[in-house]
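Throughout, the working numbering is defined as the position within the sequence shown, counted from one, plus 54.
For every residue, glycine included, the Cβ atom is placed at its ideal position computed from N, Cα and C.
Presented below is the structure to which this report refers.
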Amino acid sequence: MPDPSGDRYCGCLYYSANALARTITRMAEEEFAVTGLAPSYAFILMAVNEKPGIQPKEVSGIMHLTPSTVTRLVEKLVAKGYVVRRAAGKGIELSPTRKARASYPRIREAWKNLYRRYSRILGEDVGRRLASEVYGATAKLESSPPK
């Protein structure tokens, strides 16, 4: 459905969600640059710092990423000295290194700065409501039966 503004795809959720994702990703990359980590790595480190011993499967659920993507990201964090993997029965546990714990305050501050930045632009209430609605829609779409 065309929009009077002239953007013919703005009524399409797919188009709008991807445009929003690209814009917020660019902002996040700028804010998280001070950590030396891409936002995806920083969010995994927050999860590992907040719950030492967390399993990759739980990280996948938290971040809405496939297990193979989490494995790839974790391997890089291990190589960079941020995370230690330990066998735990049939699974793997992830624990933060001293380097990860030291980076945690900078990561949290970058996240706060991202929130402040988009809240200044959108308004705090709109930003919170939009985040809640997008997350709710994601949960609904992910839990719907396959085609």
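In this structure, Val102 lies near Ser149, with their beta-carbon atoms less than 8 Å apart.
Fully contained in the region 130-166 are the following beta strand (DSSP E) runs of length 3 or more, in chain order: 137-142, 145-150. Beta-carbon to beta-carbon, Ile161 and Met100 are separated by about 6 Å, close enough to satisfy the 8 Å threshold.
Assignment of alpha helix (DSSP H) within the region 55-103, counting only whole runs of 4 or more residues, yields 67-86 in chain order.
Annotation for Ala141: no residue places its beta carbon closer than 6 Å to its own, counting only its chain and skipping 5 residues before and after.
Ile108 is bridged by DSSP to Leu148.
Between the alpha carbons of Pro93 and Lys166 lies a distance of about 13 Å. Gly190 carries a helical assignment under DSSP once its states are collapsed to helix, strand and coil. About 10 Å separates the beta carbon of Ala96 from that of Leu168, a gap too long to meet the 8 Å contact definition. The Cβ atoms of Lys105 and Pro121 do not sit closer than 8 Å to each other. Across the set Phe86, Arg126, Thr192, the C-alpha of Thr192 shows the shortest separation from the C-alpha of Tyr68.
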